[in-house]
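Every number in the working numbering is 1 more than the matching position in the sequence shown, counting from 1.
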Amino acid sequence: MTGMQTLSAGLSVILAIALVLAAWRMVRGPSFADRFIALDMLTAVAVGFAAVTTVLTGRSEFLDIGLSLALINFVATAAFAVFLELRKGRK
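So, in structure tokens, the structure goes:
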């Protein structure tokens, strides 16, 4: 294995651990905000996997997928923040 393959394998293991922990938080909750933050983390991990795959394969399509996921994640997080503010104003 080359150095880049070893590094990519190590990063994949770290990302897999982060994926499991975020999925656990999504299942456990306890609040809606915790679940949303876990979903946000799962999307960030998916972006990380796309980046590692791009480096390993040299194909830029995976980078495009990662960037698209990051953009969707940003918009969803902003919308959730607005939702929380509106919900806070009603109470």
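Glycine included, C-beta positions come from ideal geometry on N, C-alpha and C.
Beta-carbon proximity list for A39, same chain, < 6 Å, skipping 5 on both sides: Excluding residues within five positions, the ones whose Cβ falls inside 6 Å are A23, R26 and M27.
Grab the span of the alpha helix (DSSP H) containing G59 for me, first residue to last. Taken as a continuous stretch (DSSP letters only), G59 belongs to no alpha helix (DSSP H), as it is neither H nor E.
Exposed or buried, what is G67 when buried is set at 16 or more other beta-carbons lying within 10 Å of its beta-carbon? With 16 or more other Cβ atoms within 10 Å, it is buried.
Span of the alpha helix (DSSP H), counted from its first residue to its last, around S13: Run containing S13: G4 to R29, per the alpha helix (DSSP H) assignment.
Helix or strand or just coil, what does DSSP make of S69? S69: helix per DSSP, three-state reduction.
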